[in-house]
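Asker: Each residue of the sequence shown is one higher than the last, beginning at 1 in the UniProt record's numbering.
In this text, a Cβ means the ideal position worked out from N, Cα and C, and glycines have one as well.
Got a structure for you, questions after.
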Amino acid sequence: MEDLDPTYIQAPEHRSDSNFIPNQPEEIPVIDLSRLDDPEDVQNVISEIGDACEKWGFFQVINHGVPSDARQRVEKTVKMFFDLPMEEKIKVKRDEVNPVGYHDGEHTKNVKDWKEVFDIYFKDPMVIPSSTDPEDEGLRLVYNKWPQSPSDFREACEVYAKHAEKLAFKLLELISLSLGLPKERFHDYFKEQMSFFRINRYPPCPRPDLALGVGHHKDADVISLLAQDEVGGLQVSRRSDGVWFPIRPVPNALVINIGNCMEIWTNDKYWSAEHRVVVNTTRERYSIPFFLLPSHDVEVKPLEEIVSPENPPRYKGYKWGKFYVSRNRSDFRKLEIENIQIDDFKVKT
Numbered sequence: 001m002e003d004l005d006p007t008y009i010q011a012p013e014h015r016s017d018s019n020f021i022p023n024q025p026e027e028i029p030v031i032d033l034s035r036l037d038d039p040e041d042v043q044n045v046i047s048e049i050g051d052a053c054e055k056w057g058f059f060q061v062i063n064h065g066v067p068s069d070a071r072q073r074v075e076k077t078v079k080m081f082f083d084l085p086m087e088e089k090i091k092v093k094r095d096e097v098n099p100v101g102y103h104d105g106e107h108t109k110n111v112k113d114w115k116e117v118f119d120i121y122f123k124d125p126m127v128i129p130s131s132t133d134p135e136d137e138g139l140r141l142v143y144n145k146w147p148q149s150p151s152d153f154r155e156a157c158e159v160y161a162k163h164a165e166k167l168a169f170k171l172l173e174l175i176s177l178s179l180g181l182p183k184e185r186f187h188d189y190f191k192e193q194m195s196f197f198r199i200n201r202y203p204p205c206p207r208p209d210l211a212l213g214v215g216h217h218k219d220a221d222v223i224s225l226l227a228q229d230e231v232g233g234l235q236v237s238r239r240s241d242g243v244w245f246p247i248r249p250v251p252n253a254l255v256i257n258i259g260n261c262m263e264i265w266t267n268d269k270y271w272s273a274e275h276r277v278v279v280n281t282t283r284e285r286y287s288i289p290f291f292l293l294p295s296h297d298v299e300v301k302p303l304e305e306i307v308s309p310e311n312p313p314r315y316k317g318y319k320w321g322k323f324y325v326s327r328n329r330s331d332f333r334k335l336e337i338e339n340i341q342i343d344d345f346k347v348k349t
């Protein structure tokens, strides 16, 4: 085995064999959304989604309405892009000022990930805060970067993203109903949504025992929708004990997980689970996550309907846009301190 650049090496307690028990019979739920067409089964689906959000923070959906041909077109097109020479890919390379486009140096928890990515904002241009300064109310526009080759890269991505966003809002409504709230309860938070989607490529790795495709982390968003290929590698930490479980690839399914925003809105009732991606020595892996994000001016805090004297707020509120800008800039380099986390907003008791 060849030597591995030290910037990729995970601490022993975070490597792929840490707290992982293979061949476990339990796995995250797979929920068939076609059951929503049966009026007598709708409430069962809503309850299953709520239970999954509470126990795992993860579930898979099938018959979800995202056309398989739209997904396959993206997968085919992005593979052509990632196969291009590096001098072509870096023509659309992202940076701290314009955090969209191609990138091959992302860090998670201050360790470099074994992957390449391409990021695309759902709204183009997207409005984000100018700085992390809480007193600075300035905004700026960020435009997507599109490669010249393949020629249909942009169209393929935009078509898929529209389908993914539609499903994200459908799931958002079902989650709202599972909480006993009106299905439109969250809609106003997304008037200037900052949603984006990403294409991940995980190349074969010479030392998968030392490196990870993505290190252990929680998503900062509201809901994530992930299309993963048949190779597998995604793992989730079970809420009850922290043991890592593989998420089995299911043909044409999408993996759904709850992000920090939803965890805070529900005052910790629903769970934003830690997850990671393991790599292998022989096969590359692709995945396509869509991240549903609120508007920059939304204050993320426990919902009034959820909190009570018996269930007081567990978090202070924070402005989503400022949080996003601060987190985003830490992805590009190793920091001397850990980047901002939702735990920084926990109410001390």
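Buried or exposed for Thr-281, please, with buried defined as at least 16 other CB atoms from any protein chain shown within 10 angstroms of its CB.
Answerer: Thr-281 should be labelled exposed.
Asker: Between the stretch 169-179 and the stretch 136-156, are three or more C-beta pairs nearer than 8 Å?
Answerer: The stretch 169-179 is not in contact with the stretch 136-156.
Asker: What does DSSP give as the partner residue(s) for Glu-116 in the beta ladder?
Answerer: DSSP lists Arg-201 as partners of Glu-116.
Asker: Measuring straight from C-alpha to C-alpha, what distance separates Phe-190 and Gly-321?
Answerer: Going by the C-alpha atoms only, they are around 12 Å apart.
Asker: Would you mind giving the Cβ-Cβ distance between Phe-290 and Ala-156, rounded to the nearest angstrom? I have them listed as a contact below 8 Å.
Answerer: Incorrect: roughly 14 Å between the Cβ atoms, too far for contact.
Asker: What do you get for Ser-34, buried or exposed, if any count of 16 or more other CB atoms within 10 angstroms of its CB means buried?
Answerer: By the neighbour-count rule (16 or more Cβ atoms within 10 Å), Ser-34 is not buried but exposed.
Asker: Using only the alpha-carbon positions, how far apart do Arg-314 and Leu-179 sit?
Answerer: Taking the straight line joining both Cα atoms gives about 17 Å.
Asker: Would you kindly work out how many angstroms separate the C-alpha atoms of Pro-6 and Val-278, rounded to a whole number?
Answerer: When rounded, the distance between both Cα atoms is 17 Å.
Asker: Let's see if you can read the secondary structure: which residues bound the beta strand (DSSP E) around Ser-237?
Answerer: First-last of the beta strand (DSSP E) with Ser-237: 234-237.
Asker: Do you know offhand how far Val-231's Cα is from Arg-285's?
Answerer: Those two C-alpha atoms are separated by around 6 Å.
Asker: Is the closest heavy atom of the ligand MG to the C-beta of Glu-165 under 8 Å?
Answerer: Here there are no bound small molecules, and the ligand MG is not part of this structure.
Asker: Identify every residue that forms a DSSP beta bridge with Arg-276.
Answerer: Paired residue(s): Gln-235.
Asker: What would DSSP say about Lys-346, mapped onto helix, strand or coil?
Answerer: In the structure shown, Lys-346 sits in a strand (DSSP, three-state: E or B).
Asker: Could you round the C-beta distance between Gly-259 and Asp-113 to whole angstroms and report it? I think they count as a contact, below 8 Å.
Answerer: Not really, about 18 Å apart at Cβ, beyond 8 Å.
Asker: Helix, strand or coil for Arg-285 per DSSP?
Answerer: Of the three classes helix, strand and coil, the one that applies to Arg-285 here is strand, per DSSP.
Asker: When DSSP labels each residue in this structure, what does Glu-336 get in the three-state scheme?
Answerer: Because the pLDDT at Glu-336 is just 48, under 50, the model does not fix this residue reliably, and the value given afterwards should be weighed accordingly. Note: Glu-336 maps to coil in three-state DSSP.
Asker: In terms of alpha-carbon separation, which member of Phe-197, Asp-124 and Glu-165 lies closest to His-187?
Answerer: Closest by alpha carbon: Glu-165.
Asker: What do you get for Asn-63, buried or exposed, if any count of 16 or more other CB atoms within 10 angstroms of its CB means buried?
Answerer: Its Cβ having fewer than 16 others within 10 Å, Asn-63 is exposed.
Asker: Once the 5 residues before and after Val-127 are set aside, which same chain residues still bring their CB inside 7 Å of it?
Answerer: Leu-139, Leu-141, Glu-192 and His-296.
Asker: Let's see if you can read the secondary structure: which residues bound the alpha helix (DSSP H) around His-163?
Answerer: Unbroken alpha helix (DSSP H) run through His-163: 153-178.
Asker: Would you mind giving the Cβ-Cβ distance between Lys-269 and Glu-54, rounded to the nearest angstrom? I have them listed as a contact below 8 Å.
Answerer: Sure, about 6 Å apart at Cβ, within 8 Å.
Asker: Are the stretch 100-120 and the stretch 56-72 in contact at 8 Å, needing three or more beta carbon pairs?
Answerer: Cβ pair count under 8 Å is below three, so no.
Asker: Rounded C-beta distance between Val-222 and Met-262? I'm assuming under 8 Å.
Answerer: So it is a contact: roughly 5 Å between Cβ atoms.
Asker: Give the secondary structure of Trp-244 by DSSP, where H, G and I count as helix, E and B as strand, and everything else as coil.
Answerer: Note: Trp-244 maps to strand in three-state DSSP.
Asker: How big is the Cα-Cα spacing for Glu-87 and Pro-147?
Answerer: If I take the Cα positions, the gap works out to 12 Å.
Asker: Am I right that Val-117 and Ile-199 are in contact with their C-beta atoms under 8 Å? What's the rounded C-beta distance?
Answerer: Going by Cβ atoms, the distance from Val-117 to Ile-199 rounds to 7 Å, so yes, they are a contact pair.
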